[in-house]
Amino acid sequence: MTSTQYVPQRVAVKELERFIDETLLHCGTDEASATAVTRALVTASRMGTDSHGLRLLPHYVKALEGGRIKARPAMAFTRRMPATGHLDADDGFGHLAGYTAIEHAVDMAREVGIGAVAVGNSSHFGAAGCYALAASEEGMIGMAMCNSDPFVLLHGSQVPFHGTNPIAFSVPVEGRSPYLLDMATSSIPWNRVQQYGAIGRTLPPDVAADAGGRLTIEPDDVAALLPLGGAQFGFKGAGLAGVVEILSSTLSGMLNGFRLLPMGGPDMSTPRGIGHFFLVVQPQAFTDWVTFQRGLKEYLEDLGSRPALADREVLAPGDREWRCQAERDAEGIPMDSANWEAYERLAKEVGIAPLREC
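Numbered according to the working numbering, the sequence shown spans residues 494 to 851.
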């Protein structure tokens, strides 16, 4: 018997946008929330980060139905100083909070050179890179951070304390897509554990631990991730996670991540009170645009011209994502059978037209 390789079904970007937007509107969200969630999820999946893209829609529907996330929040922004502000997200979608906060930060940066916004009473916002990227689309340098519930060990600890606490950084580059770094402060993302487990593959050493804090390479035994740097140098990742924590939760007056309700439930009715932090910088507040772009060009050219190891390639942050985006825009976004079936169930439950393949 010969085995056949599974070929994922593909969906066009516009069709995925249609489905996500209609699903959320049929669940009672306002247009602003539906638009923001759709924008963030599709942006992430176009760049190949499906774990923070299309895969999240069924979870968000459950959160809406349970009451954890408000479908029609009354978000309120307070500008506290010329370059700072606070956004109360009113337990709405973190995606709407993220894009709203970036808009306010961009406005302040245009006026005074820098804009920083702390966000409180928010929820999961997907991929942090979406919001840093939104700043670069306005010609600005953008940073985005968020705390999350505990799944990452402290250095030398037996039990989780920080979340994966991402940091995203984006810079506009003339003539090409932005420089975009979007990284967790853990050694690997949780979805890597899930992916390896699904295909029966062991994990790399020094990235995950079992319930006793002991290193493991077996996906089924993983109870926590190690911080960036692993067992020997994890103090670096743990320290970075602490920076994200303080900027995200402490500045916004929220609980630290160790005290947050788990994203996966079982309580899907109590708002989680997540905090975010966004920083936007206008390059011209420090140097003229031509000089800034010339320096960027030289830096990226120098980076890309370094000799690579055999069968490897030297890439700047974002290069891999932009290649994936170009491919998926042309050929459609792939969906494995589990995600396709989940979307089919959603279509029936919500009462909208199912996804159409490319």
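Note that beta-carbon positions come from the ideal geometry of N, C-alpha and C, so glycine has one too.
Query, Result
"6 Å Cβ shell around D523 - same chain, five flanking residues per side excluded", "R565"
"Whole-number beta carbon distance between M747 and G768, since they are thought to touch under 8 Å", "4 Å"
"Cβ-Cβ distance between G757 and E738 below 8 Å", "no"
"Alpha carbon of S762 to alpha carbon of G560, nearest angstrom", "5 Å"
"Sequence-distant residues of its chain with Cβ nearer than 7 Å to F653 (five each side left out)", "Position check: residue 653 holds Pro in this sequence, whereas Phe was assumed. Excluding residues within five positions, the ones whose Cβ falls inside 7 Å are P643, F644, V645, L646, A717."
"Contact under 8 Å by Cβ, P665 with A621", "no"
"Cα-Cα separation between P673 and E806, rounded to whole angstroms", "Going by the sequence as given, residue 673 is Leu instead of Pro. Rounded to the nearest angstrom, the two C-alpha atoms are 17 Å apart."
"Whole-angstrom C-beta distance between H597 and L580, which should lie under 8 Å", "7 Å"
"Contact the stretch 502-519 vs the stretch 829-843: 3+ CB pairs below 8 Å", "yes"
"Euclidean distance between Cα positions of G690 and G705", "20 Å"
"Extent of the continuous beta strand (DSSP E) run through F512", "It is not in any beta strand (DSSP E) - F512 instead sits in the alpha helix (DSSP H) that spans 506-519."
"R893 vs E850 beta-carbon contact at 8 Å", "Outside the shown range of the chain (494 to 851) lies residue 893, about which nothing can therefore be said."
"Which residues DSSP lists as bridging F770, in chain order", "A611, M638"
"Cβ-based burial, F779 [other Cβ within 10 Å; buried from 16]", "exposed"
"Beta-carbon separation (whole angstroms), L557 vs L534, contact threshold 8 Å", "With 8 Å as the limit, L557 and L534 do not qualify as a contact, their Cβ atoms being about 14 Å apart."
"Exposure label - R838; buried when at least 16 CB within 10 Å", "exposed"
"Contact under 8 Å by Cβ, F770 with L744", "yes"
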